[in-house]
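Written below as structure tokens is the structure these notes are about.
What follows is the structure, given as structure tokens:
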């Protein structure tokens, strides 16, 4: 998870030497602003930053098990650095506070060397997002809702652990992994693809060093989405036109789950859809619908006895899940922003445990698209009581939670 979406058509560039504002190729109208320093005709470097911070309270979440918890959280603080070395050669380096709630350590989020020659075919190598469903490609900063991951569908292997480790318990971090992705678009950019090859699970069940294969394919039926690389957005607030896009993604790694003595092959397949409609040309507001369906499976081993043991190994989800949301951007401004109420429902259906679900109602106050907004969220969920260990037989009732989130980017 946790996409940055800083370049490749998103950044509104400030060129100090010319004291002018310039649009990079393919710039989307709702892009965030960032400072770009021109070195010569082919070289430049840009700098940006992103912050997400929130207050949350969960019923019976206090240490005594009966009172509401009260937590102030630094969810993300990111530094974006991008540059061009030659006409076709680019560099991206982003950091994040990946252990913010435990004091905070600044770690490498993305480190990508890019060969971007033609819209039809490009190559990225380094540490980057593993091609997956739209939720992952949005990341937290370009999602339609603030709390996308905590009560969302099950994680991919690269999101299993917060930090990258080599102990059989990690296949990346924050949706990233080390590898390479070939991506591009054809048919007037309507058909977009990304095919990636990554390290995946490090040691543990993967004693043979098998590669994780990841693919994403999407077709734009109405206006074409404009994003850097193979990234996506959960909404364009009506400024990207009328959008109807269907995407299909798949990840597979032999011996990508389990333990060294009881390995299994992981496969995760997802279908996602984004529909965004400007009502009466936007004068009557903007309607946005997001939906995704996941089917994840483990084959070739990794028995139930091992999963329910005290040391289950790389214990990935196996089952079905879906996430749907609908929101409406009110056309009239109130002070400096627009209100955007929404509803969301998430359900996870593990093969070996009871179902979990989450009802969510929220209100976004959109000041400057993904660059500045406030979000007030109410959840009614049993994911808090049962957790995300979907092979567990734990039971629990629904609990309520509230969250107030604040997001800024530059």
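Residue numbers (the working numbering): 10 to 419.
Ideal Cβ positions, reconstructed from N, Cα and C, are used throughout, including at glycine.
Per DSSP, residue i is paired with what?
i           : result
residue 192 : 131 and 203
residue 419 : Paired residues: none, contrary to the question.
residue 115 : 106
residue 173 : Answer is none; residue 173 lacks a bridge partner.
residue 125 : 131
residue 186 : 137
residue 331 : 302 and 356
residue 323 : 267
residue 120 : 102 and 136
residue 198 : Per DSSP, none; premise fails for residue 198.
residue 217 : DSSP output for residue 217 lists no bridge partner at all.
residue 236 : DSSP output for residue 236 lists no bridge partner at all.
residue 212 : 215
Please name the residue, chosen from the options, that lies closest to residue i on a Cα-to-Cα basis.
i           : options               : result
residue 347 : 272, 216, 326 and 294 : 294
residue 409 : 46, 107, 49 and 75    : 75
residue 59  : 81, 150 and 200       : 150
residue 52  : 44, 95 and 86         : 95
residue 194 : 132, 122 and 222      : 132
residue 266 : 313, 129, 90 and 83   : 313
residue 390 : 188, 69 and 45        : 69
residue 385 : 209, 352, 88 and 333  : 352
residue 92  : 251, 111 and 55       : 55
residue 414 : 80, 72 and 45         : 80
residue 364 : 180, 395, 259 and 376 : 395
residue 341 : 299, 379 and 292      : 292
residue 84  : 65, 173, 45 and 77    : 65
residue 216 : 177, 135, 129 and 141 : 177
residue 238 : 230, 129, 274 and 159 : 129
residue 273 : 309, 246 and 304      : 309
residue 87  : 73, 109 and 67        : 109
residue 344 : 334, 360, 374 and 136 : 374
residue 299 : 50, 332 and 287       : 332
residue 407 : 418, 356 and 419      : 356
residue 203 : 136, 240, 98 and 335  : 240
residue 417 : 46, 49 and 63         : 63
residue 111 : 97, 171, 77 and 419   : 171
residue 200 : 232, 173, 326 and 61  : 232
residue 334 : 325, 376, 372 and 304 : 372
residue 377 : 235, 248, 49 and 189  : 248
residue 258 : 227, 46 and 271       : 227
residue 236 : 192, 196 and 279      : 192
residue 280 : 287, 288, 289 and 303 : 303
residue 222 : 264, 271 and 99       : 264
residue 182 : 98, 325 and 173       : 173
residue 339 : 230, 287 and 160      : 287
residue 148 : 168, 187 and 134      : 168
For the beta strand (DSSP E) containing residue i, list its first residue and its last residue.
i           : result
residue 279 : 272-287
residue 298 : 295-308
residue 259 : 252-267
residue 3   : Here the chain comprises residues numbered 10 to 419, so residue 3 is not present and cannot be evaluated.
residue 221 : 221-229
Would you call the CB atoms of residue i and residue j closer than 8 Å?
i           : j           : result
residue 330 : residue 162 : yes
residue 114 : residue 107 : yes
residue 243 : residue 370 : no
residue 282 : residue 320 : no
residue 139 : residue 207 : yes
residue 157 : residue 144 : yes
residue 225 : residue 256 : yes
residue 285 : residue 252 : yes
residue 165 : residue 317 : no
residue 122 : residue 89  : no
residue 175 : residue 219 : no
residue 246 : residue 296 : no
residue 269 : residue 214 : yes
residue 209 : residue 262 : yes
residue 361 : residue 388 : no
What are the start and end residues of the alpha helix (DSSP H) that includes residue i?
i           : result
residue 313 : 313-316
residue 147 : 143-147
What are the uninterrupted segments assigned as beta strand (DSSP E) that are 3 or more residues long and contained completely in the stretch 42-94, given in chain order? The stretch 42-94 contains these whole beta strand (DSSP E) runs: 42-47 and 53-67.
Let me know the alpha helix (DSSP H) ranges lying completely inside the stretch 335-413, each 4 residues or longer, listed in chain order. For the stretch 335-413, whole alpha helix (DSSP H) runs of length 4 or above, ordered along the chain, are 392-395.
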